[in-house]
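One structure is given here, and the rest of the page talks about it.
Numbering (the numbering used here), first residue to last: 483 to 1087.
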């Protein structure tokens, strides 16, 4: 079958499927792209030739920013529990390097995305081409080599004959829960347009089976011995619980054996917030309930978590507890000096049956009491960020989804948000990438069109990457965007003050007479900006008008932005957990506090 390399790529991708538990899914549901030299005559021509409508074999979607389109693919794949994703294509040069941040985000979060950046001429007949990086050490280097450290699989297709083997490896990584992340196939622009005689079986329908690895028997015995020997066990549920759809197995295990469950950012929603054994978020942004239990636990059962420093409070939270880690990857299962159970989360929970054992009733009842006390918190009357979350929660329905990524809101959401649906909470906190929110929310809505999607975004993050509002309008994909304006980087402002950096560069203020950035607020009209991108805009200046605007936005049929200016402060109880951000080594109270906190860090050897 004679086709160009790009045409063969498009035809191949349209025939790939994933399967788990007997249910099949399109593996690559479509292609986001921004065209320029490097992909317009290759992938662009191939998509146009097959028809690029939403009913096409590989539908095409126009994005506004290359980083954003990768975020959209991540939001989609995360919402689909890593069983489906999108491809993203760019031109060479800045179009390609714009995607590197998205690639890092995908790989850090263990989310599959397929990246197809254009590349320089493989034949070198016209070098140096526009936007080419010239490296005098090797003419084989291009800016696309920046994808290597942030991709789980990277290949450059310098000859048509290389495409089939590269595609098979790419699909393997995209569908392997232990290996998945960003997959990058760099495509020299001349090779994309080159014709070749392909074996017809390359375009056969293929089903890639997503495994549920079961525990190795000896490892299972070790895990059971550890559980039976514990008196104060605590489960830390991570994203692996969600991606493996193990929430029912987790509920059954926790209920049968009386083990309290705390949640990471990626694992929030693993149990409904009002479950008798749910103690909420754990770590630096956790609840006081979960963190108090963490300090006195003698066994921490980590399920599908990579133990970021926020989860462990920079390795100061879990006292002298031992660790049992259930993870589909040995790399994560080995962390914290743990007993390892390398397996799918659901398969492992179904296999763990410590017969005759149950956590002491005093431990279970203590967990329930601490959780009840935490959830009694209510925000005050002022229009603080906590109040915004409280009013939003009253408007949203159980199946609605909240989306966020960076700033102070992930912490407030982790501590305070009440999740009842396992897919109702979508916060990107592996990379905590400013600008993810709107693009990621678009991906969530594309993955679950029947759900209402509420994107929470601060003004700092909004100003970095808001353009995909125009994409949502163009595609008729409705979002509710809650734009919270606190005139700067409030989260980093608080951190800056705590480490002695005096909030430098964290407020959006004009340069004053003193020469410092201490004048009045920069007169930016974010509501008008959102309207200029095609969204309907509602504004709120108190809690009553906020609730009314949120309710109206939920019932709207078009993308709607609710703009609200918040006041500083808040009254939620502290998590009581630390985060290690090194401070200047100079005498004073700040450095003394830092050194005191460092004494509790464990090496986990």
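C-beta atoms are modelled at their ideal positions from N, C-alpha and C, and glycine is treated no differently.
DSSP beta-bridge partners of residue i
i            : result
residue 1078 : Its beta-bridge partners do not exist; DSSP assigns none.
residue 690  : 500
residue 967  : 1047
residue 717  : 743 and 783
residue 567  : 510
residue 485  : 678
residue 515  : 544 and 571
residue 1042 : 962 and 1018
residue 490  : For residue 490, which the question treats as bridged, DSSP gives no partner whatsoever.
residue 907  : 884
residue 505  : 502
residue 760  : 743
Cβ distance (whole Å) where residue i is taken to contact residue j below 8 Å
i            : j            : result
residue 966  : residue 870  : 6 Å
residue 742  : residue 846  : 7 Å
residue 833  : residue 810  : In fact, because the Cβ distance is near 14 Å, the residues do not count as touching under 8 Å.
residue 697  : residue 823  : 5 Å
residue 691  : residue 921  : With a Cβ gap of about 30 Å, residue 691 and residue 921 do not count as contacting.
residue 934  : residue 1036 : 6 Å
residue 768  : residue 897  : 7 Å
residue 518  : residue 557  : Not quite, the Cβ-Cβ distance comes to about 24 Å (not below 8 Å), so this is no contact.
residue 666  : residue 597  : 4 Å
residue 601  : residue 671  : 7 Å
residue 1089 : residue 567  : Residue numbering for the chain in the displayed model covers 483 to 1087; residue 1089 lies beyond these limits and cannot be assessed.
residue 943  : residue 888  : 5 Å
residue 668  : residue 638  : 4 Å
residue 881  : residue 903  : 5 Å
residue 772  : residue 764  : 4 Å
residue 947  : residue 917  : 3 Å
residue 673  : residue 604  : 5 Å
For residue i, the first and last residue of its enclosing alpha helix (DSSP H)
i           : result
residue 847 : 843 to 856
residue 833 : 827 to 833
residue 872 : 867 to 877
residue 804 : Counting along the chain, residue 804 falls outside any alpha helix (DSSP H), though it belongs to the beta strand (DSSP E) covering 804 to 809.
residue 814 : 812 to 815
residue 894 : 891 to 898
residue 927 : 918 to 929
residue 703 : 699 to 710
residue 655 : 645 to 656
residue 954 : 950 to 957
For residue i, the first and last residue of its enclosing beta strand (DSSP E)
i           : result
residue 822 : 821 to 824
residue 678 : 677 to 679
residue 669 : 664 to 670
residue 940 : 935 to 940
residue 637 : 635 to 638
residue 885 : 883 to 886
Inter-stretch contact (C-beta, 8 Å, three-pair minimum) for the stretch 778 to 789 and the stretch 732 to 749: yes
Would you check if there are 3 or more beta carbon pairs closer than 8 Å linking the stretch 924 to 935 to the stretch 968 to 987? no
Every unbroken alpha helix (DSSP H) within the stretch 965 to 1029, with a cutoff of 4 residues, ordered by chain: 972 to 980 and 1008 to 1014
Unbroken stretches of the alpha helix (DSSP H), 4 residues or longer, contained in the stretch 526 to 559: 527 to 532
Taking only runs that begin and end inside the stretch 572 to 605, name each unbroken alpha helix (DSSP H) of 4 or more residues, in chain order. 576 to 579 and 582 to 590
Extract the residue ranges of the beta strand (DSSP E) inside the stretch 763 to 793, only unbroken runs of 3 or more that lie entirely within it. 781 to 785
Sufficient close CB pairs (3 or more, under 8 Å) joining the stretch 774 to 784 to the stretch 792 to 809: yes
So, do the stretch 881 to 896 and the stretch 851 to 865 have three or more beta carbon pairs nearer to each other than 8 Å? no
When the Cβ atoms of the stretch 793 to 800 are set against those of the stretch 1059 to 1069, are three or more pairs found closer than 8 Å? yes
For the stretch 605 to 616 and the stretch 642 to 661, state whether three or more C-beta atom pairs, one from each stretch, are separated by less than 8 Å. no
Taking 8 Å as the threshold, find out whether the stretch 561 to 575 comes into contact with the stretch 936 to 955 through three or more Cβ pairs. no
Examine the Cβ distances between the stretch 1039 to 1053 and the stretch 1017 to 1029 and report whether three or more of them are shorter than 8 Å. yes
Could you tell me whether the stretch 697 to 708 touches the stretch 724 to 739, using the rule of 3 or more Cβ pairs below 8 Å? no
Just checking, does the stretch 521 to 531 make contact with the stretch 709 to 720 on the three C-beta pairs under 8 Å criterion? no
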